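Q: Below: one structure in structure tokens.
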Amino acid sequence: MEGKSLAQLKKIRQEWETDLGKKGLKERRNEFFTRSGIPVKRVYTPIDLEEAGFDYVKDLNFPGEYPYTRGVDPLMYRENLWLIGQYGGFGSPEETNQRFKYLLSQGITALTIALDLPTQMGYDSDDPMSKGEVGKTGVAVDSLRDMEIIFEGIPLTAVKLVGTLANAIGPIGLSWFMALAEKQKVPPTAFVGFLQNEILKEYVARGAFFLPVNAGLKLVIDVLEYSARHLPNWLPIQLCGYHFREAGANAVQEVAFTLADAITYIEETIKRGLKVDDFVPQFFFFLSANLDVFEEVAKFRALRRIWARLMKERFGAKDPRSMRARFHIYTAGSTLTAQQPMNNIVRVTAAAMAAVLGGVQHAFLSSMDEPFQTPSEESARVAIRTQQILAHELGVIDTVDPLGGSYYVESLTNQMEENVWDYLKKIESMGGALAAIEKGFYQTEISSAAYQFQQQIAKKDRIVVGVNEYRIEEQINIKPLKHDPKSEKKVVSSLKSFKKERGGLAVKKALEEVKRTAESNGNLVPPIFEAVKQYATVGEISNVLREVYGEYVGGKGYF
Amino acid sequence: MERKTRILIAKPGLDGHDRGAKIVARALSDAGMEVIYTGLHQTPEQIVATAIQEDVDGIGLSILSGAHMAHIRSVLRLLKKKKAEDIFVFAGGIIPEKDVLKLKRMGVLEVFTPGAATSEIIDFVKKARDKGTK
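Just so you know, the protein sequences line up as chains D and F, in that order.
Just so we're on the same page, our numbering is the position in the first sequence counted from 1, plus 250.
Just so we're on the same page, our numbering is the position in the second sequence counted from 1, plus 914.
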């Protein structure tokens, strides 16, 4: 805007404000804030952008162009829809196989396998530590055999993206998919396998770890190095903000902590002799889709801009693919309520819409019954349908970055970016992510934010419908998840007989090789791949790692 | 001076979600109680040993993974075995209604599910302690 008309606009705004005062209009609150605490003005105008030094080409540019604020692809959803995924898995591999066949029949294009906690933390189902946990939160996978059962009759090419979490057991997770591809005679270039494989946030916010931090990090980097060299079309890491957010972080902290962790992974992988453009194009983010719709949209846009600048300016990336922040989202489970649970469908819809308006690549949504149980078939279907309605009925995808240019959203995007850089500088001054985590910086920031949020609800500064306002007397009537109550027993006994039948010599030799490689600090993926192909179990492989590296010993928890 | 109420907040099993546990710990502490939080991945044996060693009035067990029945049963059994049944037990997390009833029959004094206010939990703990034998 020209200087003259800007001055004129400022004058008009002044008159308008004065006029409001004269009319004696009063706002219902003294101040308005986004969830992360960014002050929200009464109204936004070109003046706000002008004052921030907004430059269309420098700050936004066109979709698919640096700094990718408007989207990573030039045509976005006018070319392809985002991948409509679902997170699933529970009980035994057989039960999960049935569920997956059902989900696939409902039109999903991506699939994420939920693993139970023993599997995620390197325990076999028959380990004493696993008692009561087998098949809860996800499916029990002890060995490749279980993966074969899960994918019985389901080709890996049935969806465009297939993967699992495997944060503490990255090389094992990767090997399962490589081995399964061999069994199905599918070349790894024919589908995109992905892993979460992101250990740092586990020590802060999610808790699925078992090795000391440095060993946990080594496993992650082994997977990144191996994938860069052998599986260039796979996505071997999700840089995770979701779990910080679920633990109580706000949107700014979510992005800042994720980026600080990303910097650590990049620096560690460079030490393996790779250049950023060799492996960063395989990075994906995993973010929360939360309820403050405009702040969320701004979050996704700001993340793309910061990432592009970080990669180009700090890491000297040349390949545009290294500069494009692509992301998976999961709607925030912590925003769901156990009260009047049908209302959760509305929350999930709004959060998912924020992600779509923010330019997401792959989404899976929470089911309305998550405050109670692993989703039933019906509620999982509603979650899929919600995405399909967003894609086909709401008219939100037909132009790229529809909120781009909104005075409000651009102002929020700028503010978000500024606040994130501030955090990044702070973390940098502490010595980077590892040092900040070791000092408990992330943890105390997150738990303070969580407590504050809870206080707002207690004081009714924040209304959560059905929880602190609009309550009803109700009989909760959720369709129970149909599952086999004896599945833990069955899984354990089938594992025991499998171990007997399997033949031990090849497994023993493969495990010895895992140990030798760990001791000589080699990349663990090749020997673990061999062990997995010999049907060594997750517990057997993890116990070798425990022997070599020891176990993480946490202190008493602070709060 | 009256002895302060002492509470152990514990995370049994492999579940790593402790947002709720930390909020409850802080709320009880702000309400003037002495609170110890175990941190993650505690076995029932560790929890009961800590509870006895720290001489607590009550244990709050937080579980969101669905493994509540097995872990809480073990904690209650161990308390009995160690003759520490005067320590009251309450629980919180993603716990279905039918399990809430079962847990109460087993001896859990109260179960708090998603949406419970911290003020309810504080009131409960105060009452439970007043009724208690410690």
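Note that CB positions come from ideal geometry on N, CA and C, so glycine has one too.
Predicted, not measured: the structure shown is a model, and the values here were computed from it.
Please confirm if the segment 502 to 512 of chain D is in contact with the segment 662 to 677 of chain D, defined as three or more CB-CB distances below 8 Å between the two stretches.
A: Cβ pair count under 8 Å is three or more, so yes.
Q: Using a Cβ-Cβ cutoff of less than 8 Å, which residues in the same chain neighbour E769 of chain D once the five nearest sequence positions on both sides are dropped?
A: Position 519 of the first sequence, counting from 1, holds the residue named residue 769 of chain D. V798, listed in sequence order.
Q: Nearest chain D C-beta to L922 of chain F closer than 7 Å, yes or no?
A: Counting from 1 along the second sequence, the entry for residue 922 of chain F is found at position 8. Chain D contact via Cβ: absent.
Q: Identify every run of the beta strand (DSSP E) within the segment 574 to 613 of chain D, keeping only runs that are complete inside it and at least 3 residues long; order them along the chain.
A: Segments of the beta strand (DSSP E) lying fully in the segment 574 to 613 of chain D: 577 to 581.
Q: According to DSSP, which residues form a beta bridge with P289 of chain D?
A: Numbered from its first residue, the first sequence carries residue 289 of chain D at position 39. DSSP lists D:F283 as partners of P289 of chain D.
Q: Use the C-beta contact count for Q370 of chain D: other C-beta atoms within 10 angstroms, 16 or more gives buried, fewer gives exposed.
A: Here residue 370 of chain D refers to the residue found at position 120 of the first sequence. With 16 or more Cβ atoms within 10 Å of its Cβ, Q370 of chain D is classed as buried.
Q: Against chain F, does Y327 of chain D count as a neighbour if the rule is that its beta carbon must be under 7 Å from one of theirs?
A: Your numbering for residue 327 of chain D matches position 77 in the first sequence. Chain F contact via Cβ: absent.
Q: In its own chain, which residues sit with a C-beta less than 8 Å from the C-beta of A263 of chain D, not counting the 5 before and 5 after it?
A: In the first sequence, residue 263 of chain D corresponds to position 13, counting from 1. The amino acid at residue 263 of chain D is misidentified as Ala; the sequence shows Arg. Here the set comprises T295 and I297.
Q: Apply the 10 Å Cβ neighbour rule to N500 of chain D and answer buried if 16 or more other Cβ atoms are within range, or exposed otherwise.
A: Locating residue 500 of chain D in the first sequence gives position 250, where the first residue counts as 1. Result: buried.
Q: Does A1005 of chain F get closer than 7 Å to chain A when you measure Cβ to Cβ?
A: This model lacks chain A altogether, as its protein chains are D and F.
Q: State the CB to CB distance for the pair V442 of chain D and L485 of chain D, rounded to an integer number of angstroms; the pair is presumed to be in contact (CB under 8 Å).
A: Residue 442 of chain D sits at position 192 when you count from the first residue of the first sequence. Residue 485 of chain D sits at position 235 when you count from the first residue of the first sequence. 6 Å between Cβ atoms; contact.
Q: Closest by CA to A1030 of chain F, which one among F:L954, F:K1012, F:G1006 and F:V1039?
A: Here residue 1030 of chain F is taken as the residue at index 116 of the second sequence, counted from 1. The candidate whose alpha carbon is nearest that of A1030 of chain F is F:G1006.
Q: Considering only C-alpha positions, which residue in the set D:E281, D:N280, D:Y337 and D:I288 is nearest to L615 of chain D?
A: Residue mapping note: residue 615 of chain D aligns to position 365 of the first sequence, counting from 1. Nearest of D:E281, D:N280, D:Y337 and D:I288 to L615 of chain D, Cα basis: D:Y337.
Q: With 16 as the cutoff for other CB atoms within 10 Å, does V764 of chain D come out buried or exposed?
A: To locate residue 764 of chain D, count along the first sequence from 1; it is residue 514. By the neighbour-count rule (16 or more Cβ atoms within 10 Å), V764 of chain D is buried.
Q: Identify which residue in F:G953, F:L954 and F:V970 has its Cα closest to the Cα of F1004 of chain F.
A: Along the second sequence, read from residue 1 onward, the residue named residue 1004 of chain F stands at position 90. Nearest option by C-alpha distance: F:V970.
Q: How should I713 of chain D be labelled, buried or exposed, when 16 other C-beta atoms within 10 angstroms of its C-beta is the threshold for buried?
A: Along the first sequence, read from residue 1 onward, the residue named residue 713 of chain D stands at position 463. With fewer than 16 other Cβ atoms within 10 Å, it is exposed.
Q: F691 of chain D: buried (16+ other C-beta within 10 angstroms of its C-beta) or exposed?
A: Start at 1 with the first residue of the first sequence, and residue 691 of chain D comes out as number 441. By the neighbour-count rule (16 or more Cβ atoms within 10 Å), F691 of chain D is buried.
Q: Around the C-beta of V670 of chain D, are 16 or more other C-beta atoms found within 10 angstroms, so that it is buried, or is it exposed?
A: As a working note, residue 670 of chain D is residue 420 in the first sequence. With 16 or more other Cβ atoms within 10 Å, it is buried.
Q: Cβ of V596 of chain D less than 7 Å from any chain F Cβ?
A: Taking the first residue of the first sequence as position 1, residue 596 of chain D is located at position 346. Judged by the 7 Å Cβ criterion, V596 of chain D is not in contact with chain F.
Q: Looking at the secondary structure, which residues open and close the beta strand (DSSP E) in which E1024 of chain F lies?
A: On the second sequence, residue 1024 of chain F is found 110 positions in, with the first residue counted as 1. E1024 of chain F -> beta strand (DSSP E) spans E1024 to F1026.
Q: Tell me, please, whether the CB atom of P1010 of chain F is closer than 7 Å to any CB atom in chain D?
A: Position 96 of the second sequence, counted from the first residue, corresponds to residue 1010 of chain F. Cβ-Cβ to chain D under 7 Å: yes for P1010 of chain F.
Q: Which chain D residues sit within Cβ distance under 9 Å of R991 of chain F?
A: By one-based count along the second sequence, residue 991 of chain F stands at place 77. Going along chain D, no residue has its Cβ under 9 Å from R991 of chain F, so there is no contact; the nearest lies around 13 Å.
Q: Would you please verify whether the beta carbon of T919 of chain F is less than 7 Å from any beta carbon of chain D?
A: Here the question's residue 919 of chain F lines up with position 5 in the second sequence. Chain D, which has no Cβ nearer than 7 Å to the Cβ of T919 of chain F, makes this no.
Q: Can you tell me where the beta strand (DSSP E) with G413 of chain D in it begins and where it stops?
A: Looking up residue 413 of chain D in the first sequence gives position 163. First-last of the beta strand (DSSP E) with G413 of chain D: L411 to T414.
Q: So what does DSSP say about L653 of chain D, is it helix, strand or coil?
A: Position 403 of the first sequence holds residue 653 of chain D. Reduced to three states, the DSSP call for L653 of chain D is coil.
Q: How far does the beta strand (DSSP E) with A965 of chain F in it reach, from first residue to last?
A: Taking the second sequence and counting its residues from 1, the one referred to as residue 965 of chain F is at position 51. Careful: A965 of chain F lies outside any beta strand (DSSP E), inside the alpha helix (DSSP H) at P958 to Q967.
Q: Under 8 Å Cβ-Cβ, which residues of chain D neighbour G1021 of chain F?
A: For the purposes of this step, residue 1021 of chain F is identified with residue 107 of the second sequence, where counting begins at 1. Simply none; closest approach about 18 Å.
Q: Is it true that the CB of E383 of chain D sits closer than 7 Å to the CB of L928 of chain F?
A: Indexing the second sequence from 1 puts residue 928 of chain F at position 14. Indexing the first sequence from 1 puts residue 383 of chain D at position 133. Closer than 7 Å, so yes.
Q: May I have a chain-ordered list of the alpha helix (DSSP H) segments no shorter than 4 residues that lie completely inside the segment 269 to 347 of chain D?
A: The qualifying runs are 296 to 301.
Q: Is the beta carbon of L406 of chain D less than 7 Å from the beta carbon of A431 of chain D?
A: For the purposes of this step, residue 406 of chain D is identified with residue 156 of the first sequence, where counting begins at 1. For the purposes of this step, residue 431 of chain D is identified with residue 181 of the first sequence, where counting begins at 1. Yes; because the gap between Cβ atoms is below 7 Å, this pair is in contact.
Q: Name the two residues that bound the continuous alpha helix (DSSP H) containing Q370 of chain D.
A: Start at 1 with the first residue of the first sequence, and residue 370 of chain D comes out as number 120. Looking at the DSSP string, the run of the alpha helix (DSSP H) that includes Q370 of chain D is L367 to Q370.
Q: Under 7 Å, Cβ to Cβ, is there at least one residue of chain F near A497 of chain D?
A: On the first sequence, residue 497 of chain D is found 247 positions in, with the first residue counted as 1. Cβ-Cβ to chain F under 7 Å: yes for A497 of chain D.
Q: Comparing C-alpha positions only, which one of D:E300, D:L270, D:I579 and D:G287 sits nearest to K260 of chain D?
A: Taking the first residue of the first sequence as position 1, residue 260 of chain D is located at position 10. Checked all of D:E300, D:L270, D:I579 and D:G287; the closest Cα to K260 of chain D is D:E300.
Q: Only counting the same chain, and skipping five residues up and downstream in sequence, which positions put a Cβ closer than 6 Å to that of P324 of chain D?
A: Within the first sequence, residue 324 of chain D is the residue found at index 74, counting from 1. P313 and G314.
Q: Identify the contact partners of V717 of chain D in chain F, using a Cβ-Cβ distance below 9 Å as the criterion.
A: Within the first sequence, numbered from 1, the residue matching residue 717 of chain D stands at position 467. What V717 of chain D touches in chain F: P1028, G1029 and A1031.
Q: Whose C-alpha, out of D:T585, D:L469, D:K521 and D:V409, is nearest the C-alpha of G335 of chain D?
A: Position 85 of the first sequence, counted from the start, is the residue given in the question as residue 335 of chain D. Of D:T585, D:L469, D:K521 and D:V409, the residue nearest in Cα terms is D:V409.
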